[in-house]
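To start, the structure under review is shown below, and the notes come after it.
There are 4 protein chains.
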Amino acid sequence: MGRKLNKNKIINDPVLGFISLPYESLYDLLQHPYIQRLTRIKQLGLSLLVYPGNTHTRFIHSLGAMHLTAEALRQLKDKGNDITDEEAEATLQAILLHDIGHGPFSHALENIIVEKLQHEEITLIMMNKINKEYGGMLDLAIKIFKNEYHKKYFHQLISSQLDMDRLDYLIRDSFFSGVREGSIGAERIIKMLNVKDDKLVIEAKGIYSAENFLIARRLMYWQVYLHKTTVSAEHMLKSILIRAKELSLSGKKLYASTALQYFISNRISGETFRNSQEALEKFSFLDDSDVISARKEWSQCDDKILSYLCKSLINRRLFKVKTGETENEFDAFCDEIKKKYKALGYSDDEIEYLYSCGEVKSRTYDPSNDKIQIIEKDGNTTEISDASDLLNTNTVTRKTSKYYLCYAQVFEENIEAN
Amino acid sequence: MGRKLNKNKIINDPVLGFISLPYESLYDLLQHPYIQRLTRIKQLGLSLLVYPGNTHTRFIHSLGAMHLTAEALRQLKDKGNDITDEEAEATLQAILLHDIGHGPFSHALENIIVEKLQHEEITLIMMNKINKEYGGMLDLAIKIFKNEYHKKYFHQLISSQLDMDRLDYLIRDSFFSGVREGSIGAERIIKMLNVKDDKLVIEAKGIYSAENFLIARRLMYWQVYLHKTTVSAEHMLKSILIRAKELSLSGKKLYASTALQYFISNRISGETFRNSQEALEKFSFLDDSDVISARKEWSQCDDKILSYLCKSLINRRLFKVKTGETENEFDAFCDEIKKKYKALGYSDDEIEYLYSCGEVKSRTYDPSNDKIQIIEKDGNTTEISDASDLLNTNTVTRKTSKYYLCYAQVFEENIEAN
Amino acid sequence: MGRKLNKNKIINDPVLGFISLPYESLYDLLQHPYIQRLTRIKQLGLSLLVYPGNTHTRFIHSLGAMHLTAEALRQLKDKGNDITDEEAEATLQAILLHDIGHGPFSHALENIIVEKLQHEEITLIMMNKINKEYGGMLDLAIKIFKNEYHKKYFHQLISSQLDMDRLDYLIRDSFFSGVREGSIGAERIIKMLNVKDDKLVIEAKGIYSAENFLIARRLMYWQVYLHKTTVSAEHMLKSILIRAKELSLSGKKLYASTALQYFISNRISGETFRNSQEALEKFSFLDDSDVISARKEWSQCDDKILSYLCKSLINRRLFKVKTGETENEFDAFCDEIKKKYKALGYSDDEIEYLYSCGEVKSRTYDPSNDKIQIIEKDGNTTEISDASDLLNTNTVTRKTSKYYLCYAQVFEENIEAN
Amino acid sequence: MGRKLNKNKIINDPVLGFISLPYESLYDLLQHPYIQRLTRIKQLGLSLLVYPGNTHTRFIHSLGAMHLTAEALRQLKDKGNDITDEEAEATLQAILLHDIGHGPFSHALENIIVEKLQHEEITLIMMNKINKEYGGMLDLAIKIFKNEYHKKYFHQLISSQLDMDRLDYLIRDSFFSGVREGSIGAERIIKMLNVKDDKLVIEAKGIYSAENFLIARRLMYWQVYLHKTTVSAEHMLKSILIRAKELSLSGKKLYASTALQYFISNRISGETFRNSQEALEKFSFLDDSDVISARKEWSQCDDKILSYLCKSLINRRLFKVKTGETENEFDAFCDEIKKKYKALGYSDDEIEYLYSCGEVKSRTYDPSNDKIQIIEKDGNTTEISDASDLLNTNTVTRKTSKYYLCYAQVFEENIEAN
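Residue numbers (the working numbering), protein chains in the order written: chain A, 4 to 421; chain B, 4 to 421; chain C, 4 to 421; chain D, 4 to 421.
Okay, here's the thing in structure tokens:
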């Protein structure tokens, strides 16, 4: 009988099937508290209020992205590209850890919990911490993550306009939300990858798959990620945290877990975060549950704005949303709302929490950024927006904005639909 | 253009497709805090430690079970059974609400948070509460739920050995865990349903589907629900709550949300619960987040048992598990363990938290209970275990037990596999 | 027990699930030889040489299109549009029969077997025949099929740029070919349908689904329908039939089934077909098997061109294909090929069978044709290419062409890839 | 850029995803006329009359079985079993070719076209033929196919009670028929495979998957393969061939392709087949199309039995079926039928074609045959029916029979359901 080489490392993923961990170090990382924490942070935050299947976590996404990266590396190797075991292992380490810097509710609370600090930088800080614990095990992974390695394509697999992160989240979010038309053929795209001059390229016959990926991403943006009801709920959650922080900073004692307490009672900037062990330690303790649990407590507190916001969000009496095409079209309506609230006795300061105008935007493909290159049979490369007639228009490459107004509905019934 | 009859009530379910709410009252119920709370209670608790896709909630399960029930009712109607709109609406109300009595982590903490009270009874208490709020809107639903309505098949759709609850959870848990072989043909079973003498029957040609359902359920029990790693994690969670409660009752002040605090600082029995508005109110505030958040705080507390258990569970250093076929096979090993712990300085009382022997059991089909009846073309009915050669054995109808021992691994590495 | 209302009419479709036949007349039609014949005509002809799963038939596609139409009608009715049972039944009859005029290998041999006659007209001739047999049962169905009924939307469901025919074939062809990224959310599109001024409209929030449908169709065209290997194989099959007909008309006796014999020994024009019972009768006997079986016999015949073409196609030694962007880019290469063949001893007439230049084209959306209308909440309608920024470009609305050259490879190995 | 190692060998399979051909020789075999012929032989013959999606071919099944075998070999290698490239290649060759000996409509016409010769033996004859053409390339493959190689597990992967052939056809037939509950977790079973003493074993924790496989197979037998309508249609097809052969042998000239003509005008025994190049050559030209095309011609011939049978089958007016539990229960009914036919003027000889009694049987698992062995962690093996409580009964291991009577319905309408 065959001897088992090592630990049994197969994980069931409903989206991609069985996921293996090809290197021991990946198994060790998977057990690390920083990545176990991602089992408690949902990938799409409040999206489950619209798409109730969207309860999947950043943990399973990270596993999936790692799995697709492993397949891509195998593909590139089979095509004759020289990839050492060290490079492969480091790339997989980096993608497995790429999201550890996310906080509770990910993007929705980014820059509110820790001010002016993107999750990518937090990821890097945390990777460095792990690296120290493991005596430099992540040296190469960090180099690749920071795009300081000379073979640029490893970084591109982790972070670019057609990286394994995006491939996984599109398939996964489409799967869990039940929006089947967002599904893409990741397997086909991966089969089409190759390397030229140390950069990723897509073989010419894969152009329809690449187009399809960009269009599916566009659909998912408007249909799921920027769904107006989710936008409204996320706005409410942001307001809740901002209000709680405002109250705490002004001395009011609010219920919160130790970790959350730390971030609402102090104004933690990127500067502080980078230099404070305490901030990092507290942050690594935070997850969705702290916010969800606090939200319920705060719904009973005596600040009428905070309790109103919390109660409304918990019981899904969401702010009503209007969407529009131009920036100022809600001006008149806003004035009316403010008057109405004023008449109800709210102060100017309070009213700021009861409505919000904003912009959501999405860009299908940004050719000014890291380019997607198509390689012809003769070895020449063309940028995808030149090679594709579909993408060869500023529609797809320019940012598209929608404007929205969301406002508390004190009397009105909230009616919801996808 | 056609006028829309009413509110747009379509919900995306990744498992069953679009779910509609055929009656206005269902939409109202969906907005009720009691059912919104189920968006914060996972269907399978800690199973995500083994199957990371298992993050789906009791909320989406309730929607799914309602959807299958609606299809079953339509099927029965198409076959000429007389079903009034009132009966259909009440049945859908009842199934939509059938799980509202679940607490955080569902079965794992049942009888620990509220002592000696099954979730079904809590459901009923909560249904009565809602019914009062809505002026008797649920009168018939409650009658059906309690099996006091003369047409027994409505109750059977909600609760029997082949009910829509089980159909939904099998499909759903199979879907999210990625254990594809647990999938069943719910649509086919539903097409085979009919009614005889006010009871559900399955048409004879549906017997293979019914068998398949029972065997798939058996597989899911051993492969997913009673997976030894999940059993171990659930045991740890139970111990955590029991320890926290022990400490709280003895006067120690532990961090907890107001609602959770109530249940660990008081011994709430079924008796109390039935008579106390406060208990119900607190309970309806509890969800998974309170436990998850508290677990983290307690991992930092000064009770070494509680902090050890919490730390271990959070960072997935789970108790090691041995499984066996007979009740006493671990006796010698247990003695050894206890000695070892004692040598490490733990007291007898503490040691009780560091290991556990137990039994898990599952029964594929219980003919002594509510029977599954097969109807032949001639109108005669036979009990399924008589009609099916596969099920006609005590293997399937007797309870199967496995015995397990799980114990803290102070030094050993935890190795995991599905 | 409920009495079964009528015949059990449930059919398993791997793509759409269970399909029911809501009217008795549909069941009768399903048994008619004209539609049973579609069980022997593949939907995608020779595509299986590239995508081996593509063996599905026009029969199952017709069932699927009928099923989607039934769902669309239910949806429109639920939105308050007045649809009588007669109208619904007729629309379902028409869609069920919409493809009966297809001959063996569908589009590939269209205009070769019967000259200058589109399959739509043959469908109509056959529908009239059935209608006579059934004493006028299809009167309304035919009116709708011919777009002579005042409520235009019934016809639009059967034939327009967003009809149930296209919805079904896209989902189905994507499913069987395994090109997952061609999948669309038919259910979502159907939910978004409504009627204004007797015409189909799509509700504004369905615009992303409609875009996705058009883009997925574009992908399927280039990835599957017009795959260069399929184009090559279809060209060979055409040449085989043309050669066989040429030989037969010049007096050579070739093996063929009686029905196929009729069409290769006579030049049957649309004119003849419309007036000849014999032509119709022979045609209704033809299916893929006649051509596949004859092809094998002809591979042994003494005409070297015909036998060469047949042998090559049967054993998958397909013509080599070059694709290009401009019409004349193969001119020089063609001259070379011709010289080469000439040197091998082929006559000018024979050489015509050994290579071919041609054009394949696809248009994503044609606004000059039957328009897709988007309806805003205020009831105003806009044409989709005005409403959608993605489609608002001539890329999507103009025809895209590719040019190809395929030629016999006498010595070269044929290498294949998707 | 990485150089492509060799031919692009990726095939889209809707069931298993992308299929690669890991060895050049497999690509060559795929182009061989003997295996290309399988693109024209359906896996499930007439099953499409009940499950219209069942049009998949033996070709795609062979590819799928090869793919699963490749995965199993990789798995076994990863577990430390010593497998040379030669062994792997030969095993894949053997599984790819395992079905080339099937004739038109596979099992239905086995022993009728060639008398007393199983398709396995024909496969072997054809493999030897290819082997000669390729100068011994298949020497090892043939040894493995014949179970003459000392490492028995390679043969077991191709042919045993849990081989890759069965795994593929179960998944595939379930997929195309739309009977989802027949789906199994092939990936999980494959992960559980190992080798002990040169034989395949399943790791103990895979026992539920193995049970599930056996039970799913049982379901597919009764729900799909032995569906009474398919049984009836296959009986008709057999009768057609037997009648045509009877007529041809007695000197009547019937239309048929050259290859089919050979087999109906001569009584080709196994003996003849083994020794005649002509028989093999003709056989390798036969596929479904010859029978389908002939069937139509014969429906117009002047033998009233043959034309009646053909007409009925083509237009789906199938023999009516009764099923029963005991062998003789139809005796009285048979007598009645015979009298009725006699009264209608049929001769005794003719009447034999108008009805049939028979038995269909299926055995879930046969422990007397090649055993499925379960291996415990301690390395001990147990036969599965001892290890599994579910299978530990004679229900599963004994043959189950059903008896049927099918008979021509001259006046009655045929009503169909799954």
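Backbone N, C-alpha and C fix where the C-beta goes; we use that ideal spot for every residue, glycine too. Quick caveat, the model's predicted, so the values are computed rather than measured.
- For residue 260/D, the nearest CB of chain C lies under 9 Å from its own CB, placing it at the interface with that chain.
- Interface annotation, residue 70/C: not in contact with chain D, CB-CB separation never under 9 Å.
- Within 10 angstroms of the beta-carbon of residue 153/D lie fewer than 16 other beta-carbons, which makes it exposed.
- In the assembly as shown, residue 282/D is a buried residue. Its beta-carbon has 16 or more other beta-carbons within 10 Å.
- Under the Cβ criterion of 9 Å, residue 290/D is counted among the residues facing chain C.
- The criterion of a C-beta distance shorter than 9 Å is not satisfied by residue 245/A and residue 410/A.
- Of all residues in the region 212-246 of chain B, none places a beta-carbon less than 8 Å from a beta-carbon of chain A.
- DSSP places residue 289/C outside both helix and strand once states are collapsed to three, so it counts as coil.
- Just measuring C-alpha positions, the residue of 38/A, 254/A, 150/A, 334/A sitting nearest residue 269/A is 254/A.
- Sorting 391/C, 237/C, 257/C by C-alpha distance to the C-alpha of residue 324/C places 237/C at the top.
- One Cα belongs to residue 369/B, the other to residue 224/B, and the distance between them is close to 15 Å.
- Restricting attention to 297/C, 239/C, 329/C, the CA atom closest to the CA of residue 319/C is found in 239/C.
- Distance check between residue 229/A and each of 176/A, 259/A, 205/A places 176/A closest, using alpha-carbon atoms only.
- The beta-carbon separation of residue 262/B and residue 288/B, rounded to 4 Å, stays under the 8 Å limit for a contact.
- When C-alpha distances from residue 93/B are compared across 53/B, 132/B, 27/B, the shortest belongs to 27/B.
- Under the Cβ criterion of 9 Å, residue 59/D is counted among the residues facing chain C.
- In this structure, residue 127/D places its C-beta atom within 9 Å of the C-beta atom of residue 148/D.
- Taking the C-beta atoms as reference points, residue 273/C is found no nearer than 9 Å to residue 123/C.
- Between residue 403/D and residue 367/D, the gap from beta carbon to beta carbon is short of 9 Å.
- Put simply, of 12/B, 392/B, 259/B, 197/B the residue whose alpha carbon is nearest the alpha carbon of residue 328/D is 392/B.
- Contact between residue 212/C and residue 185/C does not hold, since the beta-carbon distance rounds to 14 Å and is not under 8 Å.
- Residue 360/B is bridged by DSSP to 408/B.
- Within chain C, the residues whose beta carbon sits less than 8 Å from that of residue 21/B are 190, 191, 194, listed in sequence order.
- For residue 21/D, the uninterrupted beta strand (DSSP E) run begins and ends at 20-23, by DSSP.
- Using a C-beta cut-off of 8 Å, the region 377-390 of chain A makes no contact with the region 328-346 of chain A, since fewer than three inter-stretch Cβ pairs fall below that distance.
- In the three-state scheme derived from DSSP, where H, G and I count as helix and E and B as strand, residue 13/C is classed as strand.
- Uninterrupted beta strand (DSSP E) stretches at least 3 residues long and entirely within the region 138-204 of chain C occur at 196-199, given in chain order.
- When C-beta distances to chain D are compared with 8 Å, the residues of the region 265-291 of chain C below that value are 288, 290, 291, in chain order.
- By a beta-carbon distance limit of 8 Å, residue 50/C does not contact residue 102/C. Their separation comes to about 16 Å.
- As the crow flies, the alpha-carbon of residue 79/C is around 7 Å from that of residue 196/C.
- Neighbours of residue 103/B across chain C, judged by C-beta separation under 7 Å, do not exist; the nearest C-beta is about 29 Å away.
- Segment contact: the region 28-38 of chain D against the region 16-30 of chain C, fewer than three CB-CB distances shorter than 8 Å; contact not assigned.
- Shortest Cα-Cα distance from residue 105/A to any of 141/A, 291/A, 72/A, 18/A involves 291/A.
- One thing to note: residue 99/D has its Cβ within 9 Å of the Cβ of residue 38/D.
- Look at residue 300/D here: in three-state DSSP terms it is helix.
- Comparing alpha-carbon positions, the option among 234/B, 310/B, 172/B lying closest to residue 59/B turns out to be 172/B.
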